[in-house]
Each structure stands twice: as C-alpha cells, then as structure tokens.
Amino acid sequence: MTDAMWAILAPLMPVRDLRKGGRPRKYGDRLILDSIFYVLRSGCPWRMMPRDLAPPDAAHRWFTTWRKNGTWDAIQGPGVVSYCPVM
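With our numbering as the guide, the letters of the sequence shown map in order to residues 1 to 87.
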C-alpha cells in the first residue's frame, strides 16, 4: 500500500482504547490491510498468503471484525473506492 493510500485509510481505522486493557497489538493496521488487499486482489485462499504479510489467521480475524463493526464499510465508502484501485 502506498503512503498516499495509507494517508486516506488511516483516519478510518478504529482507535484502540488503552483504558480497556489488553495486550498491545502484534501487527499494525497497515500490515493487516496489506494482507487483506493481497487476498482480495489475488483471489488466493487465506492460508496461501506470502510469509512477508501478516499471518492468515490474524488478517482474517481483523477482516471479520472490521466487517462486523462497520470499519470495512467506511474503507469502501464513497471517494475511497475511486482513489484506491485495489478495492
């Protein structure tokens, strides 16, 4: 993902509330999005993702979470889809 694409998508990502506790994330949002975009672009199964991306289980878990909480809809919202050709 280019820096220009990330500049558009970063504000759409949910902000983690550190007061609720939990351990720090192991993988950043940008790496997770790169992994999700790779699967969507290539059509490969989650388990066949290259090793330089996030693990398939983490990428799929965040994709499912973001789809359920509306983040994915915001990412695919008007203006974003037209700018980001990978979606």
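Every residue gets a Cβ at the ideal spot worked out from N, C-alpha and C, and that includes glycine. Computed from a predicted structure; not experimentally measured.
Here's a check: name, in chain order, each residue in its chain whose Cβ is nearer than 6 Å to the Cβ of residue 14, leaving out the five neighbours to either side. Cβ neighbours of residue 14 beyond the five flanking positions: 71.
Check whether the stretch 39 to 49 and the stretch 12 to 31 touch, using three or more Cβ-Cβ pairs below 8 Å as the test. The stretch 39 to 49 makes no contact with the stretch 12 to 31, as fewer than three CB pairs between them are under 8 Å.
Looking at residue 59: is its Cβ nearer than 9 Å to the Cβ of residue 36? Judged by their CB atoms, residue 59 and residue 36 are nearer to each other than the 9 Å cut-off.
Tell me the DSSP secondary structure of residue 26 in three-state form. It is coil, neither helix nor strand.
Distance, residue 23 Cα to residue 77 Cα: The straight-line gap from Cα to Cα measures roughly 30 Å.
Do you know how far the Cα of residue 57 is from the Cα of residue 49? Those two C-alpha atoms are separated by around 10 Å.
What does a CB cutoff of less than 8 Å around residue 53 pick up in its chain, not counting 5 residues either side in sequence? So the qualifying residues of the chain are 31, 34, 35, 38 and 59.
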